[in-house]
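So my numbering is basically just the index in the sequence shown, starting at one, shifted up by 2.
No residue lacks a Cβ here, since even glycine has one placed at the ideal position from N, Cα and C.
Written below as structure tokens is the structure these notes are about.
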Amino acid sequence: MKLATIGVGNAGSKLIDQMIEFEFETGRNLCRHALVINTARTDLAKPQHIDEDRRVLIGDTHRKARGHGVGGDAEIGAEVAKTDIDEIRRVFDDVEIHEVDAVLVAAGLGGGTGSGAAPVVIDELQKMYDEPIYGLGVLPGTYEGGRPALNAARSLQSFVNKVDNFIAFDNDAWRSRGQTIEQGYEEMNEELATRIVTLLAAGEVDESEVGENAMDSSDIMRTLDTGGVSSIGYASTDVSVTKEGLLAKFNESEEVQSESTDAAKIKGLVRRATNSRLTVPCDVSSADRALIVFAGPPDVISRKGVESAREWLEQEADTVDVLAGDDPRPDSSTLAAVVLLSNVTDTPRISEIQNQAVDAQNKIQQQDAVREEEIQSLITDDDNDLDPIV
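Put into structure tokens, the structure is as follows:
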């Protein structure tokens, strides 16, 4: 699949930057166009793989932003995006849309710019292009507090209703103990970029050979055509390399595996991808459609294993709409399986965010009412004998 990628806000921009880096490292060619949009000048300088002329600063003349961000306020994020929509549209005009199959918009839903400006950007994209628009959103962790949860719950409604499919990533499910905040976000970005690029780059013609059962971009687009929220699983294993080339065996093995053993290992890889940490935890059986991509040396991908894995996922997801194919990578030292679960409807974390958001909204409203009363009490005399000058 060929993509135009857009990062909105700090988290979204970092994700697009990380995707491009992973592309370079693995010899893929997915992101044909990349741009980032932000309200903070300092954050806009962070990406390492985005050209300077593809970085758009919005809100630099807005009285509450002025190039320093929106302070986590989603309303201001949306407002500055609407105000500067002509500047955003100008950059879109440079995208040669005939070169891409779809547009991917990435954002962190807890921050003000990502949660507020991204839906505005998507609205404009929908007006300009007929190609599918996919969303990639990072859900804030419980530890981040009520305001980010409120931003995320509100923005999630806009995202899911506006895009053709929304791929969710849950910070809570991926947070590790003993890490600094920077280390944690860096690791999560790498994990998500690996999954997204491995999935969406399948079927794209580059320097790799075309497999007998190659996954096509139309297969991916069909699976994502359900709308709603999707989750991605991933697992990989090392393969052995010898002077004769890549053998059909996994690490910790000294002999070429039999066909039945290879098939079992392929199926086991898919089970691991599905049952390990999904980008957003969900009940697999609630998925509408599913898809499996195997990326790695073609010699280690057992046809029998692919079919067995597809049948297993069909039973787990309780759907007949399960596709499976490969993305040959002859020079790779790993075999990866990525599983896309499209339109999952049983995702406890999203319900938790909504509950946290409602509590936060009620608390904010109560605080605003009390604060206004306290201010008036502070500046008014007890008997209300004094009048303001004007």
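For Asn163, the enclosing alpha helix (DSSP H) starts and ends at 148-164.
Only exposed fits Arg279, as fewer than 16 other CB atoms lie within 10 angstroms of its CB. Beta-bridge annotation (DSSP): His35 is paired with Ala6. With a cutoff of 8 Å on beta-carbon distance, Leu46 and Arg57 are scored as near each other. In the DSSP assignment, Asp19 falls within the unbroken alpha helix (DSSP H) covering 11-28. From the listed residues Ser344, Asp221, Gly143, the smallest Cα separation to Cys284 is found for Ser344. The beta carbon of Arg91 sits closer than 8 Å to those of Glu126, Met130, all from its chain and outside the five residues before and after it, given in chain order.
Contact between Gly79 and Thr115 holds: CB atoms are separated by about 5 Å, below the 8 Å threshold. Going by beta carbons, Val82 and Val72 fall inside the 8 Å limit. For Pro150, same chain residues with a beta-carbon under 6 Å away, outside a window of 5 residues either side, are Gly112, Pro142 in chain order. In the three-state scheme derived from DSSP, where H, G and I count as helix and E and B as strand, Ile355 is classed as helix.
Boundaries of the beta strand (DSSP E) harbouring Pro330: 324-330, taken from the DSSP string. Residue environment analysis places Asn386 among the exposed positions, since fewer than 16 neighbouring C-beta atoms fall within 10 angstroms of its C-beta. Separation of Glu316 and Val231 (C-alpha to C-alpha, rounded to the nearest whole angstrom) is 19 Å. Between Tyr136 and Leu106, the C-beta gap is smaller than 8 Å, which places the two residues in contact. Arg351 is the residue among Ala371, Arg351, Leu388, Val372 whose C-alpha sits nearest the C-alpha of Phe171.
Separation of Arg312 and Arg224 (C-alpha to C-alpha, rounded to the nearest whole angstrom) is 17 Å. In the structure shown, His64 adopts coil according to DSSP, grouped into three states.
Taking 8 Å as the cut-off, the Cβ atoms of Gly327 and Met217 count as close. It is roughly 15 Å from the alpha-carbon of Arg177 to the alpha-carbon of Gly110. When the beta-carbon positions are compared, Thr281 and Leu194 come within less than 8 Å of each other.
Within the region 53-138, complete beta strand (DSSP E) segments of at least 3 residues are found at 57-59, 104-110, given in chain order.
CA-to-CA, the gap between Asp19 and Asn12 works out to about 11 Å. In the structure shown, Ile303 falls within a coil segment according to DSSP collapsed to helix, strand and coil.
Assignment of Ser344 by DSSP, reduced to helix, strand and coil, places it in the strand class. Taking 8 Å as the cut-off, the Cβ atoms of Leu325 and Thr239 do not count as close. Ile60 is a Cβ neighbour of Asp86, given a cutoff of 8 Å. In the structure shown, Leu194 adopts helical secondary structure according to DSSP, grouped into three states.
Beta-bridge pairing by DSSP links Val140 to Gly110, Phe171.
Rounded to whole angstroms, the Cβ separation of Ile222 and Leu293 is 7 Å, and the two are in contact under 8 Å. The Cβ neighbour count for Val372, taken over all protein chains shown within 10 Å, is under 16; the residue is labelled exposed. Apart from the 5 residues on each side of it in sequence, Arg305 has no Cβ closer than 6 Å to any other Cβ in its chain. Beta-bridge partners of Ala297 (DSSP): Asp329, Ala338. Between the alpha carbons of Ser117 and Gln128 lies a gap of roughly 17 Å. Note on geometry: alpha-carbon atoms of Asp264 and Gly298 lie some 14 Å from one another. In the DSSP annotation of this structure, the continuous segment of the alpha helix (DSSP H) that includes Leu46 starts and ends at 43-46.
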